[in-house]
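**Q** Under full-length UniProt numbering, think of the first position of the sequence shown as 1, with each following residue one higher.
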Amino acid sequence: MATDALDMVRAQVGLRVAEIRSAGTRLSPLDLYARMDAIRQLAAEHGLAALESLARRSAQFALLPGHRVAMQSCLEHVEEALDSRSSADGTIILAALAVRLH
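(1) Roughly how many angstroms lie between the CA atoms of Q41 and E52, to the nearest whole one?
(2) Please name the residue in T25, R26, D37 whose C-alpha comes closest to that of V13.
(3) Verify whether the separation of the beta carbon atoms of I39 and M71 is less than 9 Å.
(4) Could you give the DSSP three-state label for R85: helix, strand or coil?
(5) Here's a check: name, in chain order, each residue in its chain whose Cβ is nearer than 6 Å to the Cβ of A49, leaving out the five neighbours to either side.
(6) Is it buried or exposed for R100, if we count other Cβ within 10 angstroms and need 16 for buried?
(7) Just checking my contact of L63 with H77 at CB under 8 Å: how many whole Å lie between their CB atoms?
(8) Can the beta-carbon of Y33 be found less than 9 Å from the beta-carbon of A5?
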């Protein structure tokens, strides 16, 4: 049952990320924020700490100048965050993101 729930969350997150990627530049910063916050909420509900951290940071980046580049980098780490098995993984993913963006 737990595996089924995780598969369902993976599918939902995958769909949401695909929608963000396909919409591209048509999404406003507020739309990007809302979509990433929805992913964050989904991750929080299912105890996916690394994904929750990444989505929270991504939502923040969505409101800043240069958000398109930052969002692309964030989306590239979603799969890693979904595969995370420890709370320390979230820190590692955010550190990798920070290095990539700076």
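For every residue, glycine included, the Cβ atom is placed at its ideal position computed from N, Cα and C.
**A** In short, the structure shows the following:
(1) Pairing Q41 with E52, the inter-Cα distance amounts to about 7 Å.
(2) Of T25, R26, D37, the residue nearest in Cα terms is D37.
(3) No. Outside cutoff.
(4) coil
(5) S87, G90
(6) exposed
(7) The pair is not a contact, with the Cβ atoms about 19 Å apart (cut-off 8 Å).
(8) In this structure, A5 does not lie closer than 9 Å to Y33 by Cβ.
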